[in-house]
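J.: In the working numbering, the protein residues as written are 129 to 308.
Glycine included, every Cβ here is placed at the ideal spot set by N, Cα and C.
Please find one structure pasted underneath; my questions will follow.
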């Protein structure tokens with residue numbers, strides 16, 4: 129089965145398996161049943177402190193809205209399952225976003241999932257660059273984006289953080305498809 133984003137943005141397989149030295153990473157569409165796992169992971173401030181758009185902890189309505197967003201027609205989202213357990217999310221619409229549960233940090237899950245999404249996008253949609261907004265203090269995500277060829281645009285955005293209850297700086301990165 130093929131998953132398609134409206135506006136012919138990019139086309140992704142419904143699910144994919146990536147074999148890592150530490151286990152099996154599966155990328156699959158989000159389901160309503162993922163709500164509890166999403167809420168649990170995002171209640172960890174080590175994860176949610178870098179996400180500006182979501183309250184912490186997630187209330188029921190915000191969780192429903194987030195799940196609706198993840199499964200919306202202009203969005204391709206993939207749940208990261210590591211050895212059958214929920215580990216995070218990667219999504220692509222007008223920008224690339226990703227997050228991983230703290231217990232899976234530094235295991236290559238984000239790198240593998242984001243690399244797969246980027247390569248698949250660039251292989252199927254040559255003209256549209258990828259944009260990612262990353263919290264200025266999130267060095268791991270910045271390093272990952274730079275390793276994949278994203279470049280800092282020089283633009284920044286201020287976003288409200290539900291964790292710090294202040295506005296914080298987000299740096300904008302862009303990846304252009306040079307093979308076009």
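1. Assuming residue 210 and residue 151 make a contact with CB atoms under 8 angstroms, what is their CB distance in whole Å?
2. Going along the chain, which residues of its own chain have a beta-carbon closer than 7 angstroms to the beta-carbon of residue 183, five neighbours each way excluded?
3. Out of 142, 154, 292, state which residue places its alpha-carbon closest to the alpha-carbon of residue 176.
4. Taking the C-alpha atoms as reference points, what is the distance between residue 205 and residue 199?
5. Please classify residue 202 as buried or exposed, where buried requires at least 16 other C-beta atoms within 10 Å of its C-beta.
6. Let me confirm a value: residue 147 is counted as buried when at least 16 other C-beta atoms fall within 10 Å, else exposed. Which label applies?
7. Would you tell me roughly how many angstroms separate the C-alpha atoms of residue 135 and residue 235, rounded to the nearest one?
8. Determine the direct distance from the alpha carbon of residue 230 to that of residue 174, and round the result to whole angstroms.
9. Indicate whether the contact test is met: 3 or more Cβ pairs, each with one atom in the region 232-250 and one in the region 262-278, closer than 8 angstroms.
10. Could I get the ranges of all uninterrupted beta strand (DSSP E) runs contained in the region 205-261, with 3 residues as the minimum, in chain order?
T.: On the basis of the supplied data:
1. Counted from its first residue, the chain shown places residue 210 at position 82. Counted from its first residue, the chain shown places residue 151 at position 23. The Cβ separation is near 6 angstroms, so the contact holds.
2. Locating residue 183 in the chain shown gives position 55, where the first residue counts as 1. Excluding sequence neighbours, residue 183 sits near 190, 290.
3. Translated into positions along the chain shown, residue 176 becomes position 48. Among 142, 154, 292, the Cα nearest to that of residue 176 belongs to 292.
4. Looking up residue 205 in the chain shown gives position 77. Looking up residue 199 in the chain shown gives position 71. Their backbone Cα atoms lie some 7 angstroms apart in a straight line.
5. Here the question's residue 202 lines up with position 74 in the chain shown. Looking at its Cβ environment, which holds fewer than 16 other Cβ atoms inside 10 Å, residue 202 is exposed.
6. Along the chain shown, read from residue 1 onward, the residue named residue 147 stands at position 19. Classification of residue 147: exposed, given that the 10 Å Cβ count is below 16.
7. Counting from 1 along the chain shown, the entry for residue 135 is found at position 7. Counting from 1 along the chain shown, the entry for residue 235 is found at position 107. At residue 135, the pLDDT of 40 sits below 50, so the modelled position is not reliable; the number obtained from the coordinates is stated separately. C-alpha separation (whole angstroms): 34 angstroms.
8. Looking up residue 174 in the chain shown gives position 46. Looking up residue 230 in the chain shown gives position 102. Cα to Cα, the separation comes out at about 7 angstroms.
9. Yes, the region 232-250 touches the region 262-278.
10. Runs of the beta strand (DSSP E) inside the region 205-261: 213-220, 224-228.
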